[in-house]
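Q: Quick one: structure below, then a few questions.
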Amino acid sequence: MEKVEILGVKIDNLSLQEVLEKISRFLDSADQHFICTPNPEFLIKAQKDEKFKGILNYADIAVADGIGLVKAAKFLGRYLQRVAGVDLVWSLAELAEQKNCSIYFLGAGDLVAAAAAAVLKRDFSGLKIAGAESGGEIIDPFFTDEDLIGRINDAAPRILLVALGQGKQEKWIFAHLDKLPSVKLAVGVGGSFDYISGLTPRAPKFLRRAGLEWLYRLIREPKRWPRILNAIIVFPLLILKEKIFGKKNPPPEISGGTTD
2 MEKVEILGVK IDNLSLQEVL EKISRFLDSA DQHFICTPNP EFLIKAQKDE KFKGILNYAD
62 IAVADGIGLV KAAKFLGRYL QRVAGVDLVW SLAELAEQKN CSIYFLGAGD LVAAAAAAVL
122 KRDFSGLKIA GAESGGEIID PFFTDEDLIG RINDAAPRIL LVALGQGKQE KWIFAHLDKL
182 PSVKLAVGVG GSFDYISGLT PRAPKFLRRA GLEWLYRLIR EPKRWPRILN AIIVFPLLIL
242 KEKIFGKKNP PPEISGGTTD
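The numbering of the sequence shown is the numbering used here, which starts it at 2 and goes up by one.
Structure, rendered in C-alpha cells:
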C-alpha cells in the first residue's frame, strides 16, 4: 500500500473504492482495525503533539480528508487521492448493510449522533444501528469511562464511528479499542455526523471540486476563521518549509495498548 508522507504523517494513497475493499476484509478479520481521516489541521496539530502524530501513523489506514493534503502532496512532487470523511461514512454504512454489520455512533453534540444514524437508516433500511450517543463530556481521551465502555460492549457493534474532534477522537480510539472486543473497525470521523444529520450543510459540489469548501464554511460560520486560517495560511507555509528544507525527523513510532 503506497503511503505519502507529509510533515511526518503517513497518508495512504487510496481511492474510496480501495478503502472500502480493505474495510470489507477488516470486517471479516478477527483483528481490530483503526482508520483516521487527516486534514491539514490534523497535520498542524501533529507538529506540536508527538503522541498524536504517532497515533496517526499507527492507524491501519489514514486517508486524505481535505483537498489541502492533495495539493500539498502535488507541490511536494507526490500523488495523493482524496477520500472525504463524509463520503467514507456514507459508503461504510452501505457496506455495513450489505455485510450485516452493526454500527455504533459516538460523539458530536446532543442528539446529533442519533440524527445522523437515523438519516443513514433511512437511506439503508437494512442497516443495523447498535447505538448512538454523544458520549457525554470527554475531557481526557485517555480516561476510561467504564459506563460508556459498558454501553458499547452491551450493544456489541462491529463498527464504531467516533466524532469527538481532531486529536481527541484518535486518542480515544487508541486508548480504548482493545476494551471493545466486538469492534473490528473504529473510525475517527470528525464533523461527519453534523453533515450527515443536516445540522451543517456541505458546500456545493462545484466548490468542493475547486478546493473552496473552506470559503463556503467561512461565509456560513465566521467563527471558524482561526481554523480556516490554519488550513489556508499556516499549513501552506509548513509545506513550503518542508519543500525547501526537507523533513527534519522521521515520524515517531507507537505501539498499541498504551495510554501514556
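Beta carbons are placed, not taken as given, at the ideal position from N, Cα and C, and that holds for glycine.
Taking the alpha carbon of residue 189 as the reference point, which residue from 19, 53, 16 and 14 has its own alpha carbon closest?
A: Checking every option, the nearest Cα to that of residue 189 belongs to 53.
Q: Would you say residue 187 and residue 156 are within 7 Å of each other, going by their C-beta atoms?
A: Cβ distance not < 7 Å, so residue 187 and residue 156 don't count as in contact.
Q: Near residue 13, which residues of its chain fall below 7 Å by C-beta distance, leaving aside the five closest residues on each side in sequence?
A: Counting only Cβ-Cβ distances below 7 Å, and skipping sequence neighbours, we find 2, 4, 62, 63 and 64.
Q: Determine the direct distance from the alpha carbon of residue 159 to that of residue 122, and round the result to whole angstroms.
A: The straight-line gap from Cα to Cα measures roughly 16 Å.
Q: So for residue 79, helix, strand or coil by DSSP?
A: Three-state result, residue 79: coil.
Q: Helix, strand or coil for residue 260, going by three-state DSSP, please let me know.
A: At residue 260, the pLDDT of 43 sits below 50, so the modelled position is not reliable; the number obtained from the coordinates is stated separately. Reduced to three states, the DSSP call for residue 260 is coil.
Q: Please name the residue, chosen from 165, 105 and 227, that lies closest to residue 195 on a Cα-to-Cα basis.
A: Out of 165, 105 and 227, 165 has the C-alpha closest to the C-alpha of residue 195.
Q: Which of the three DSSP states, helix, strand or coil, is assigned to residue 14?
A: Correct three-state label for residue 14: coil.
Q: In three-state terms, what does DSSP make of residue 178?
A: Correct three-state label for residue 178: helix.
Q: Output the residue ranges of the beta strand (DSSP E) runs that lie fully inside the segment 14-38 and measure 3 residues or longer, sorted by chain position.
A: DSSP runs (the beta strand (DSSP E)) wholly in the segment 14-38: 34-37.
Q: For residue 96 versus residue 208, is the C-beta distance shorter than 7 Å?
A: No; because the gap between Cβ atoms is not below 7 Å, this pair is not in contact.
Q: Using C-beta distances below 6 Å, list every residue in its chain close to residue 31, excluding the 5 sequence neighbours before and after it, in chain order.
A: The answer is none, since no qualifying residue turns up.
Q: Less than 7 Å between the C-beta atoms of residue 246 and residue 69, yes or no?
A: Their beta carbons are not under 7 Å apart, which means residue 246 does not touch residue 69 by this criterion.
Q: Under a Cβ-count criterion, where at least 16 other Cβ atoms within 10 Å of its own Cβ denotes burial, should residue 80 be classed as buried or exposed?
A: With fewer than 16 other Cβ atoms within 10 Å, it is exposed.
Q: Applying the 10 Å Cβ sphere with the 16-neighbour rule, what's the burial state of residue 223?
A: Counting Cβ neighbours within 10 Å, residue 223 comes out exposed, since fewer than 16 surround it.
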